[in-house]
Amino acid sequence: MDTQRQLQLNRITKLTTKSHCLESRSHSHTASSELQILTRFIINMARALLFDMAARWWSEKTVAVVTGSNKGLGQAIARELARNGVTVVSTARDTARGLAAVDSAVKEEPQLKEFLHFHQLDVTADQSVAELASYLQDTFGGVDILINNAAMQKFQSEVYEDAVDTIETNYFGTTRVTEKLLPLLRASPFGARIVMVSSQVGQMENFEQNEYLKAKIQEALEYKDEKIVDAIARKYLEDVKAGREKEENWAKNLFQYRESKVFMNIYTRVLAAQLASRPEGHKIYVNAICPGAMKTDLLSSFKDKVGAAKAEELSATVRWTPIEKSATAVTSLALLPVNECLHGKFLARDLEDRPW
Ligand SMILES: NC(=O)c1ccc[n+]([C@@H]2O[C@H](COP(=O)([O-])OP(=O)(O)OC[C@H]3O[C@@H](n4cnc5c(N)ncnc54)[C@H](OP(=O)(O)O)[C@@H]3O)[C@@H](O)[C@H]2O)c1
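The sequence shown begins at 1083 in the working numbering and counts up by one.
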C-alpha cells in the first residue's frame, strides 16, 4: 500500500477510535450529534478509499518509463507516477543530470526512493534505446507504461540542421523508442499504456492548406502503416533542404516544432489503429495529450530570438499551466481505471477530446 493511502487509513483508524470515545459519552446531546457527524465523515472517507482502491489497477510492480525526465514536465511526471506507487524508470540523455534529478526528487520526498530508478536514454540513438530495452527486460521483465515526453524546440533559425535535429528527436525519437519497447509492453487485464506528450500546435487546423499532408494521412490510416508517416517526415526535411517549405504549405511559424508534433500525432493515430484489434488481456492503449503551455526550458531559445523584454511582453498574454498540473493530467491519463480507458484520442489536459 502506498504512503498516501496508508495515511488515509491511519486517519480513519484514529477517527474511529475518537468515535468510540464519543459513543461512551453519547448520552450527552453534544457528544451524540458530534458522533453522528463523525460517523458520516468516516463512512465517506472509507467509501472514497474503497472506490479509489477499486479503480487502482496498478501496484509497485507496475513499471513506467518516462523519456526526457531530467527536468521540466518529464521530471514532474516521473515524480507524480512514483507518488502514486508506480515503479518509474526516469531517463535522460545525460546520465549526470538524470541522476541529479532523481536525487533531488528523493531528497525532497524520501518516500519516493524505492519507486524511482534511472537509466540513460538518448531517443536519437539506436544503441541507447536498445540498452534501455535490455535493462527493462533484465530488471523488470518488461514495462507497463511508456510516456513519450522527450522533445526539443529551436526558435533561432530555419536552417536545415535545426529541422533535422527537431524531427529526429521529437518524431523519429518517439517512434524509435516506441517500436523498440512495444514488444516489452506486458500483457495484463489492465492493458499496457502509451502516452504521447504532444502539443496543440500539431493540430491539423494548422496545416489546412497542405493537400499532400491531408492525402498522406488518409493513406497512412487506411494501410495502418507507420512507414508512410516516416516518408512524410522525410519529404518535409527534403522540402526544408530545398527551401521549399513555404510553397509546400508547411507551417508558417514555430519552425520545425509544429511539424514534429503533427507527425507525432499522425503516428499515434496509425499506432492506435494497428493496436485496436488486440484481444482482452493483451490491450495496449495509446493516446496523445497536449499538456498546455508551461514555463520550461523548451521555450528558452525564444527569449534568445526575440529578446528578454519582448519575451516578457508575450509571456504576459499566455495562459500558463503550472508544470505540476500538467504532470497530474499526463499521469491520470496513464493510470485511467480499466473501464474508463481511452484509445486513439488526442486530449487536452482536462482529458477532454481535441480534434487531431
Ligand atoms: N513547455 C510547453 O509549453 C509545452 C507545451 C506543449 C507541449 N509540450 C511538450 O511537453 C514535453 C516536455 O517538454 P518540457 O516543456 O518539459 O521541455 P524541457 O524542459 O525542455 O524538457 C525536455 C526534455 O526532453 C529531453 N530531451 C531532448 N532531447 C532528447 C534526446 N535526444 N533524448 C532524450 N531526451 C531528450 C530534455 O533533455 P536535456 O535536458 O538533455 O535537453 C528534457 O529532459 C515535450 O514533448 C513538449 O513538446 C511542452
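We put the CB at the ideal spot given by N, CA and C, even for glycine.
Note that this is a predicted model, so its numbers are computed, not measured.
Unbroken alpha helix (DSSP H) run spanning F1254, endpoints: No alpha helix (DSSP H) holds F1254; DSSP gives it neither H nor E.
Same chain only: Cβ atoms within 8 Å of V1148, ignoring 5 sequence neighbours per side: Cβ neighbours of V1148 beyond the five flanking positions: G1156, I1159, A1160, L1163, V1170, V1171, S1172, T1173, I1229, N1231.
Residue from Q1118, Y1318, R1093, F1254 whose Cα sits closest to the Cα of M1234: The residue among Q1118, Y1318, R1093, F1254 with its C-alpha nearest the C-alpha of M1234 is F1254.
V1241 Cβ short of 6 Å to ligand 1 heavy atom set: Not under cutoff, so the answer is no.
Cβ-Cβ separation, N1369 to L1429 (assumed contact under 8 Å), whole Å: About 6 Å separates the two Cβ atoms, so the contact holds.
Per-residue burial, E1293 [other beta carbons within 10 Å of its own, 16 or more giving buried]: Exposed, since its Cβ has fewer than 16 Cβ neighbours within 10 Å.
Cut-off 8 Å between Cβ atoms - residues of its own chain near L1267, not counting five sequence neighbours on either side: These residues qualify, in order along the chain: G1224, V1225, D1226, L1228, A1274, I1276, I1366.
Contact test: K1153 Cβ vs ligand 1 heavy atom, cutoff 6 Å: Result yes, Cβ under 6 Å from ligand 1.
Alpha-carbon spacing of Q1291 relative to R1340, whole angstroms: The straight-line gap from Cα to Cα measures roughly 15 Å.
Counterpart residues of Y1367 in DSSP-defined beta bridges: Per DSSP, R1275.
N1231 beta carbon near ligand 1 (any heavy atom closer than 6 Å): Because some heavy atom of ligand 1 lies under 6 Å away, the Cβ of N1231 counts as near it: yes.
Backbone CA spacing between T1399 and T1221 [nearest angstrom]: T1399 and T1221 have their C-alpha atoms spaced approximately 47 Å apart.
Residues of its chain near F1237, where Cβ-Cβ distance is below 6 Å and the 5 sequence neighbours each way are ignored: Same-chain partners within the cutoff: S1383, F1384, K1387.
C-alpha distance - K1409 paired with K1427, whole-angstrom precision: Inspection of the sequence shows that residue 1409 is occupied by Ala rather than by Lys. Taking the straight line joining both Cα atoms gives about 18 Å.
Buried versus exposed call for C1372 [16 or more other C-beta atoms within 10 Å across all chains shown]: It counts as buried.
L1424 - DSSP class collapsed to helix/strand/coil: In the structure shown, L1424 adopts coil according to DSSP, grouped into three states.
Residues that DSSP places opposite F1200 in a beta bridge: Residue pairing by DSSP places F1200 opposite S1172 in a beta bridge.
Cβ neighbours of S1280 in the same chain (closer than 8 Å, five flanking residues each side left out): Only K1343, M1346, N1347, T1350, A1370, I1371, C1372, F1428 meet the Cβ criterion.
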